[in-house]
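*Asks:*
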Amino acid sequence: MAVVLVLVLIVVGSVLFHFLSPWWWTPIASNWDYIDHTIIISFWITGIVFAAVVLFMAYCVFRFRHREGNRAAYEPENKRLEWWLMVVTAAGVTALLVPGLFVWSRFVTVPSDATEIEVVAQQWQWSFRLPGKDGKLGTSDTRDVTADNPLGVAPKDPNGQDDVLVEAADLHLPVGKPVKVLLRSIDVLHDFYIPEFRAKMDMIPGSVTYFWFTPIRTGTFQVLCAELCGQGHPLMHGVVMVDTEQDYLAWLGQQQTFAQLSAPQQSGSANSLPGEAIASNLGVAANSKLSRSAQ
Amino acid sequence: MVDVTPADAVPPAEVGEMELYHPHSWWTKYVFSQDAKVIAVQYSATATAIGLVALVLSWLMRLQLGFPGTFDFITPEAYYQFITMHGMIMVIYLLTALFLGGFGNYLIPLMVGARDMVFPYVNMLSYWIYLLAVLVLVSSFFAPGGPTGAGWTLYPPQAIMTGTPGGQDWGIILMLSSLILFIIGFTMGGLNYVVTVLQGRTRGMTLMRLPLTVWGIFTATVMALLAFPALFVACVMMLLDRVLGTSFFMPAIVEMGEQLQHNGGSPILFQHLFWFFGHPEVYIVALPAFGIVSDLISTHARKNIFGYRMMVWAIIAIGALSFVVWAHHMYVSGMHPYFGFFFATTTLIIAIPTAIKVYNWVLTLWRGDIHLTVPMLFALAFIVTFVNGGLTGLFLGNVVVDVPLSDTMFVVAHFHMVMGVAPILVIFGAIYHWYPKVTGRMLNEALGKFHFWVTFLGAYLIFFPMHYLGLMGIPRRYAELTDMTIMTESARHLNSFISIMAFVVGFAQLVFLFNLIWSIRHGREAGGNPWRATTLEWQTPQTPPAHGNFGKELPIVYRWAYDYSVPGAKEDFIPQNVPGDFAPSREPA
Amino acid sequence: MSVILVFLLVVAGFAGWWLSHQRLTAKPWLEQGLAEEFVGLGRSALPTAKIGLGVFLAVVGCLFSLFVSAYFMRMGLSDWRPLPLPRLLWLNTGVLVLSSVALQCAVVAARRGQMDMVRLGLATAGLTALAFLAGQLVAWRQLTEDGYLLASNPANSFFYLITAMHGLHILGGLVGLGRTSAGAWNGARPERLRLSVELCAMYWHFLLFVWLCIFAVLAGWAATFVSICQRLLT
Ligand code: HEM
Ligand SMILES: [Cu+2]
Ligand SMILES: [Cu+2]
């Protein structure tokens, strides 16, 4: 009888734990609440199945446990029942899969107005690169990495000269704008993960991976590395701050471009206003939207 | 007048008394033995010994996670070495070796009615190479630089770089060598298990009369024979990258400001090879457990397994399908995103035959005559944990849900539940079930029940709450959970609780070990068939079975393995080798 | 990974064919008795050793399919520079064919009970196989002298790796062949000898087949063939 009780308790306890315990996901900060919804659907369907199976088992043990003189029924199979169960299972699986694939197709289709930014990982820190006035990131190659060019931006590529580099410091993003995050690593696998954004993707040395999201609220978020990358892995933290438009532009104004960093003696004249350069790219669209809504 | 030899009485295809090797000395009888039963015990003992090492390593990791900063000797380096050795030992050197080398060797010949494996000499070699693999693995603890800390997935490039413990020392080399040895040894054993099922079956033992245990182990072995070569290829290529400087997996890399020699390799290629092995591996561990638990439930509920045919087909379907789902471990690896659609679909399709098996287990209980013996308890606990772990698998297989959850504690909880706890519970149940056959004595039941309750409830309490830590976003493989903004005070307490439970569960295993050793001498006499079971291993003339298993003549099989509570029969079980029809109307009305 | 998947499909075909003869849809609880009617559902009439070897060859095939899969995946990356195959490989191929033929002759002779021919066949097969291995080593020497080193390009790495793996399997086969030959000279029982000779031949033919496949892959014909097929399909 203890078994029956324990089986019932496991179901009840698990369900109560699910609803009452303080451990739950972090408040979301990106557009990927779709993913959260899919998880909720999954919890419902799987939770019901779990409870049903375990409670059924508990009932069987309660009802059919051995007593003197008992004899089991003889039933090799029951085709109808088995087919029914299969159909119901298939339906449940479909109910999980279809919304999942639907959201996945959103996840992999980057909207055309998303701004590209680049995250570069190395043991054990994060750096970032934002496109300059031209709105384009210059090409890059691990072979170009030197002490003066730690991200390996191609020195000859004109598109890369005005790129804004944020080396081992915090990244800022404007709220409400879709970003396509290009991911690159110059040594081992890493994974750019911010729990509040829900999204993550590995970075692979030698190739560029990506994902996209739209930050939906301002705040400071911690970047975690989610792919084992050596002994510094658990300390490979970074910070992403989602700012309002003004704060973002102010921050951007203080950053330096690739050209400035690689040739600091000339920086005074040629590219004196990198912040404005970016504003033209990330900011203008939003500004025009803002002004439109203000009218 | 004329001596009718068995050879005359049966069709020629079924002849074939095998020539057994007859040991002459203590050495050839107990050490270099060619008897599958001795090899089985050797395999099991070695696997248990190395498994205990893995258990201790899990304690050390839990100490660090539950009480951060308290144990200075567990540096991040050490933590990663522990995690890697723990994972690899548990999956390969414990579970694979125990299910196939241990249970496979013991049960296959007995259950199919053979005198021994078909290639006993190769079978013996298999064990010794396995032992060598284990020794090489253990030696890495004593090598300069210690064992590798690359994680059990051994992903390059980090696996062979300086930032990872053992990456540029001996650790990774010894690990890869040990795996290569293991695969060679396993292939030798695997050939035996497969061919014995094909060719060693006694008269009347058709495939559909095989107990599901044999079906499970057989299918798992076939899968392992086809999947392990992928690991072999990956290991050899990585070894070349590490030792001879090739660039199979190694792209251009700047390590600590210095350009490495490698160029152009593909880390993703390794991941494909690894998971082409790695996913089937999950089922290589699960299918024998499925088979064994079916037999435990049927025997101890005194009822035929419900839907035997479905169970067989499901095993075959799962075995085949599990070769086309490997990339569900790579959803966020940066492979082409469209693969996600394909692999999510195949992965969720596997859930259907798997669910069928679960239904059939619980439907076997329905209207049964359930004896709550220790093996039955473990079987019930298996269903609970397996269903739990299988259902969270639906989260992780559903590509987009995997995005936030992958590489978090959710994954750790999931795979421990489904391929750690669940199969281990089956192993325990199976040991309580077959120990009387191996030793002639029963294990102590009171100790068994104590062991059961602590292990089952403890393991559930460890791994069920852990899912929610993953949901919070806490990544796996973190040697330190400090400085994380998502880590709340209450989550820290939960972590400490989990660690304490891990110790409780671990110590319960010592009780079990004590029971194993104590009962060899002091257990209750079991007799030949204490559970009143139908399968052939319980019908041997001697217990423990002698060399050659079945005395003078091999048993002849007249019925399937599940004639329990047949209407009209006097007893509630009819062994497979009993002739005659006891049931006039067998189709239920 | 397509090569290995195709290979597995072939294996699955075999398995499916065999399973379809095992009456997997029977209701075993309705069928009792010795089941004389089940003859054919027991073990196969083939010798167990042959079945064992067959299963082993499936594993070996799997191994080489995986190498070839990895080869094709790595080949797609930008730093791949194919290496010129030494002419010598043609000669080696011929020698290996000869070896297989010799063993086949030994099989025929063993079936007829002509011991001398068996011995001749075994000796020829062994020597030609050794000659093949020596030839492969010379080919390696030529390549390294021409500067195609193991680590300098992935195409080279794969060449050395795959040929080495194949050579190791031949070497293992030579051990078996040696034991068979010992039996042939020391007067093993004829039916025993016949079986071992047949096993050797089976293994040899399979390794010859593997060699032809990897030769085609290493020479680049396989890639051309695949791209032609793809063009035909689209
Ligand atoms: C009471 C028993 C066990 C405890 C307390 C335990 C604990 C742990 C812990 C703490 C980790 C590291 C998690 C992390 O930081 O990411 C881990 C990893 C792992 N465990 Fe266990 N474990 C147990 C049993 C098992 C069993 C039976 C298996 C067999 C499948 C297993 C397989 C693994 C694997 C494969 C890993 C992953 C290693 C890696 O990430 O490289 N564990 N375990
Ligand atoms: Cu990292
Ligand atoms: Cu998997």
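Chains as they are written, first to last, in the numbering used here: chain A, 7 to 301; chain B, 27 to 615; chain C, -7 to 226.
Yeah, the Cβ is synthetic: ideal placement off N, Cα and C, and Gly gets one too.
With a cut-off of 8 Å, does the C-beta of F97 of chain B fall near any C-beta of chain C?
*Replies:* Translated into positions along the second sequence, residue 97 of chain B becomes position 71. No, because no Cβ of chain C sits closer than 8 Å to the Cβ of F97 of chain B.
*Asks:* Taking C-beta pairs closer than 8 Å, name the residues in chain C that P82 of chain A reaches, listed in chain order.
*Replies:* Stepping through the first sequence from its first residue, residue 82 of chain A is reached at position 76. Under the 8 Å cutoff, chain C gives K19 and W21.
*Asks:* Along the stretch 570 to 598 of chain B, what residues have a CB closer than 7 Å to any CB found in chain A?
*Replies:* The residues in question are Y590, S591, V592, P593 and D598.
*Asks:* Just checking my contact of P117 of chain A with I47 of chain A at CB under 8 Å: how many whole Å lie between their CB atoms?
*Replies:* Taking the first sequence and counting its residues from 1, one reaches residue 117 of chain A at position 111. Taking the first sequence and counting its residues from 1, one reaches residue 47 of chain A at position 41. Rounded, the Cβ-Cβ distance is 24 Å, inconsistent with contact.
*Asks:* Which residue's Cα is closest to the Cα of P28 of chain A: B:T418, B:A62, B:M513 and B:L270?
*Replies:* Locating residue 28 of chain A in the first sequence gives position 22, where the first residue counts as 1. The residue with the shortest Cα to Cα distance from P28 of chain A is B:M513.
*Asks:* For P182 of chain C, count neighbouring C-beta atoms within 10 Å of its own C-beta (all shown protein chains included) and say buried if the count is 16 or more, exposed if not.
*Replies:* Locating residue 182 of chain C in the third sequence gives position 190, counting from the first residue. Exposed: under 16 other Cβ atoms inside 10 Å.
*Asks:* Grab me the residues of M137 of chain B's own chain with a C-beta within less than 7 Å of its C-beta, minus the 5 sequence neighbours each way, in chain order.
*Replies:* Here residue 137 of chain B refers to the residue found at position 111 of the second sequence. Correct list, in chain order: P237, T239, V240, T561, L562 and E563.
*Asks:* Am I right that G291 of chain B and F302 of chain B are in contact with their C-beta atoms under 8 Å? What's the rounded C-beta distance?
*Replies:* As a working note, residue 291 of chain B is residue 265 in the second sequence. As a working note, residue 302 of chain B is residue 276 in the second sequence. Contact flag wrong, Cβ pair sits at about 18 Å.
*Asks:* Alpha carbon to alpha carbon, how far is D168 of chain A from L2 of chain A? Give it in angstroms, no decimals.
*Replies:* Examination of residue 2 of chain A is not possible in this model, given that chain A is present from 7 through 301 alone.
*Asks:* Whole beta strand (DSSP E) runs in the stretch 85 to 164 of chain C with 3 or more residues, listed along the chain?
*Replies:* Runs of the beta strand (DSSP E) inside the stretch 85 to 164 of chain C: none found.
*Asks:* Within the 8 Å Cβ cut-off, does A237 of chain A reach chain B?
*Replies:* Numbered from its first residue, the first sequence carries residue 237 of chain A at position 231. For clarity, residue 237 of chain A is Gln in the given sequence; the question names Ala instead. Yes, because at least one Cβ of chain B sits closer than 8 Å to the Cβ of Q237 of chain A.
*Asks:* Under 8 Å, do V1 of chain B and I409 of chain B count as touching if we go by C-beta distance?
*Replies:* Any property of residue 1 of chain B remains undetermined from this structure, which presents chain B solely from 27 to 615.
*Asks:* Please return the same chain residues whose Cβ sits closer than 7 Å to the Cβ of E40 of chain B, not counting the five positions on each side in sequence.
*Replies:* Counted from its first residue, the second sequence places residue 40 of chain B at position 14. Per-residue confidence for E40 of chain B stands at a pLDDT of 39, beneath the threshold of 50, marking its modelled position as unreliable; the derived number appears in the next sentence. R229, listed in sequence order.
*Asks:* What residues of chain B sit near M92 of chain A, judged by a beta carbon separation below 7 Å?
*Replies:* On the first sequence, position 86 is the one that residue 92 of chain A refers to. I378 and I382, listed in chain order.
*Asks:* If G130 of chain B sits next to T247 of chain B, beta carbons under 8 Å apart, how far is it from one beta carbon to the other, in whole angstroms?
*Replies:* Mapped onto the second sequence, residue 130 of chain B falls at position 104. Mapped onto the second sequence, residue 247 of chain B falls at position 221. About 7 Å separates the two Cβ atoms, so the contact holds.
*Asks:* Using 10 angstroms around the beta-carbon of N218 of chain B, count the other beta-carbons present and answer buried if the total reaches 16, otherwise exposed.
*Replies:* Within the second sequence, residue 218 of chain B is the residue found at index 192, counting from 1. Label assigned to N218 of chain B: buried.
*Asks:* Would you say S51 of chain B faces chain A, with C-beta separation under 8 Å as the test?
*Replies:* In the second sequence, the residue the question calls residue 51 of chain B occupies position 25. So, not an interface residue.
*Asks:* Out of B:L374, B:V358 and B:G549, which has the shortest C-alpha to C-alpha gap to Y216 of chain A?
*Replies:* As a first step, residue 216 of chain A must be located in the first sequence, where it is residue number 210. The shortest C-alpha separation from Y216 of chain A is found at B:V358.
*Asks:* Determine the extent of the alpha helix (DSSP H) in which H440 of chain B is found, giving its start and end residues.
*Replies:* Against the second sequence, residue 440 of chain B aligns to sequence position 414. From DSSP, the alpha helix (DSSP H) with H440 of chain B extends over M435 to F441.
*Asks:* Could you pull the DSSP bridge partners for K186 of chain A from this structure?
*Replies:* Counting from one through the first sequence, the residue named residue 186 of chain A turns up at place 180. Bridge partners of K186 of chain A: A:E122 and A:W218.
*Asks:* I'd like the span of the beta strand (DSSP E) that includes V170 of chain A, first residue to last.
*Replies:* In the first sequence, the residue the question calls residue 170 of chain A occupies position 164. That run of the beta strand (DSSP E) goes V170 to V172.
*Asks:* Which stretch, first to last residue, makes up the beta strand (DSSP E) that contains Q222 of chain C?
*Replies:* Reading the third sequence from its first residue, position 230 is the one you call residue 222 of chain C. Element bounds for Q222 of chain C: not the beta strand (DSSP E) but the alpha helix (DSSP H), W213 to L225.
*Asks:* At what residues does the beta strand (DSSP E) containing D208 of chain A begin and finish?
*Replies:* Here residue 208 of chain A refers to the residue found at position 202 when the first sequence is read from its first residue. Note, D208 of chain A: beta strand (DSSP E), K206 to M209.
*Asks:* In terms of alpha-carbon separation, which member of B:Y56, B:A260, B:M87 and B:V82 lies closest to N521 of chain B?
*Replies:* Here residue 521 of chain B corresponds to residue number 495 of the second sequence, with the count starting at 1. Comparing Cα-Cα distances from N521 of chain B to each of B:Y56, B:A260, B:M87 and B:V82, the minimum goes to B:M87.
*Asks:* For K162 of chain A, is the classification buried or exposed, using 16 other Cβ atoms within 10 angstroms of its Cβ as the cut-off for buried?
*Replies:* Taking the first residue of the first sequence as 1, we reach residue 162 of chain A at position 156. So K162 of chain A ends up on the exposed side.
*Asks:* For T52 of chain A, count the other beta carbons within 10 Å of its own beta carbon; 16 or more makes it buried, fewer makes it exposed. Which is it?
*Replies:* Within the first sequence, residue 52 of chain A is the residue found at index 46, counting from 1. With 16 or more other Cβ atoms within 10 Å, it is buried.
*Asks:* Beta carbon of L391 of chain B, beta carbon of A346 of chain B: below 8 Å?
*Replies:* On the second sequence, residue 391 of chain B is found 365 positions in, with the first residue counted as 1. On the second sequence, residue 346 of chain B is found 320 positions in, with the first residue counted as 1. No. Outside cutoff.
*Asks:* Rounded to whole angstroms, how far is the Cβ of V370 of chain A from the Cβ of L61 of chain A, which I believe are closer than 8 Å?
*Replies:* The requested residue 370 of chain A does not occur in the structure, where chain A is confined to residues 7 to 301.
*Asks:* Looking at ligand 3, does it come within less than 7 Å of H305 of chain B, judged from the CB to the closest heavy atom?
*Replies:* Locating residue 305 of chain B in the second sequence gives position 279, counting from the first residue. H305 of chain B: yes, Cβ under 7 Å from ligand 3.
*Asks:* Return no unless some Cβ of chain B is closer than 8 Å to the Cβ of F6 of chain C.
*Replies:* Residue mapping note: residue 6 of chain C aligns to position 14 of the third sequence, counting from 1. Cβ-Cβ to chain B under 8 Å: no for F6 of chain C.
*Asks:* Using a Cβ-Cβ cutoff of less than 6 Å, which residues in the same chain neighbour P173 of chain B once the five nearest sequence positions on both sides are dropped?
*Replies:* Counted from its first residue, the second sequence places residue 173 of chain B at position 147. Closer than 6 Å at Cβ, skipping near neighbours: Q107, M111, S166, F167, G192 and G197.
*Asks:* Would you mind giving the Cβ-Cβ distance between V245 of chain A and Q228 of chain A, rounded to the nearest angstrom? I have them listed as a contact below 8 Å.
*Replies:* Within the first sequence, the letter at position 239 stands for residue 245 of chain A. Within the first sequence, the letter at position 222 stands for residue 228 of chain A. About 6 Å separates the two Cβ atoms, so the contact holds.
*Asks:* Can H354 of chain B be considered in contact with ligand 3, in the sense that its beta carbon sits closer than 7 Å to one or more heavy atoms?
*Replies:* As a first step, residue 354 of chain B must be located in the second sequence, where it is residue number 328. Flag set: Cβ of H354 of chain B near ligand 3.
*Asks:* Are the beta-carbon atoms belonging to P74 of chain C and A131 of chain C less than 8 Å from one another?
*Replies:* Position 82 of the third sequence, counted from the first residue, corresponds to residue 74 of chain C. Position 139 of the third sequence, counted from the first residue, corresponds to residue 131 of chain C. Going by C-beta atoms, P74 of chain C is not nearer than 8 Å to A131 of chain C.
*Asks:* Under the three-state reduction of DSSP, which class applies to P28 of chain A: helix, strand or coil?
*Replies:* As a working mapping, residue 28 of chain A is identified with position 22 in the first sequence. In this structure, P28 of chain A counts as coil in the three-state DSSP scheme.
*Asks:* Taking just the CA atoms, how far does P379 of chain B sit from G53 of chain C?
*Replies:* For this step, residue 53 of chain C is matched to residue 61 along the third sequence. For this step, residue 379 of chain B is matched to residue 353 along the second sequence. For G53 of chain C and P379 of chain B, the distance between alpha carbons rounds to 29 Å.
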